[in-house]
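Residue numbers (UniProt numbering): 1 to 366.
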């Protein structure tokens, strides 16, 4: 049976080195790697010799293996540190191991105690001391890991709070900016409301008369006085009126055509203006007029009219219902002679009669 040429190493004990990964073996001392390869070689040679040559039976082979198991490995603190404890290359100089590595080293020390017989007092003290050192290292590493986790958690919470504070500051700045713009806008509106001049002037939709076109031509045809004189102006206006009365119908028709075209153009321009009008400015102008009318009422002046869109139709469906149902009801009332006399009073009476009717009764007149 072949044995290792290295002092104190038995081939069947090579299993102790299986716990060491090939990567850790290559990083450790050359003695690890040589011993592992030699053990593998001896084990393979024994097995090959016993199976191929047949000179050793299965029972004899098992007996030989049992005898090699009973042989012990000479132990010392140096050999235990070199051969059994797996320090990583990163922590070798610092004499510090990771938690997982320390736990594995403790298991290896326990296996030495279990598989060895008659350990000396020095070795037992060394093993127990080494286990305590490893346990204290595990504890210190655990504390360091816990502190590290706490530091990471604290750093994360500080970052989150700083981000929250940053967002709050941005929101406060935005609110201040919005409030500033709002106050500025309100001040601008208040300034516009206190103005004496109109904010917006909508185009007039009032129709021009035929006589206005004639009088304009008449005033342009006569000689105007150099100085304004009310008496002369009154006489000129009277002459224009008398001339208009005696004017030829064909000439009147010409002025009528001019007035119709001018009014049509005027209405068209007003429609275009209202289609593109600034409704907010119109509302503001109406507020200005409402505020101004309070002062005008106190002074006994005529109130200013509210600006309205003359082309806007209010509730067209309601208008159609009124024209179809209420009008039929009026016709029915007059046909039955339920009212007579003054038309104004009759309209009020008919309106009250209509309001008293139920929806079903109103539906009859549709």
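Positions of the beta carbon are idealized from the N, C-alpha and C atoms, including for glycine.
By the 16-neighbour rule on beta-carbons within 10 angstroms, residue 153 is exposed.
Rounded to the nearest whole angstrom, the CA to CA distance from residue 359 to residue 347 is 20 Å. Between the segment 208 to 223 and the segment 240 to 247, the count of C-beta pairs closer than 8 Å reaches three or more; the two stretches touch.
Look at the beta carbons and you see the segment 249 to 261 not touching the segment 170 to 190: under three pairs across the two are nearer than 8 Å. DSSP, reduced to helix, strand and coil, places residue 278 outside both helices and strands of the structure shown, so it counts as coil. Annotation: the continuous alpha helix (DSSP H) that includes residue 327 extends over 327 to 335. When 251, 306, 292, 284 are compared, the shortest CA-CA separation from residue 192 is found for 284. Using a Cβ distance threshold of 8 Å, residue 366 and residue 324 count as a contacting pair.
Annotated as proximal: residue 195 and residue 288, with beta-carbon spacing under 8 Å. Closest in C-alpha terms to residue 219, from the list 243, 202, 180, comes 243.
Using a Cβ distance threshold of 8 Å, residue 339 and residue 327 do not count as a contacting pair. In this chain, the alpha helix (DSSP H) harbouring residue 211 covers 210 to 221. Counting along the chain, residue 346 sits inside the alpha helix (DSSP H) bounded by residues 343 to 356. Out of 169, 268, 197, 164, the CA that lies nearest to the CA of residue 207 is found in 268. A buried status is given to residue 240, since no fewer than 16 other beta-carbon atoms sit within 10 Å of its beta-carbon. Contact check for residue 281 against residue 199 passes: the beta carbons are separated by less than 8 Å.
Rounded to whole angstroms, the gap between the alpha carbons of residue 127 and residue 134 is 10 Å. With respect to residue 313, residue 202 sits apart: the two C-beta atoms are not nearer than 8 Å.
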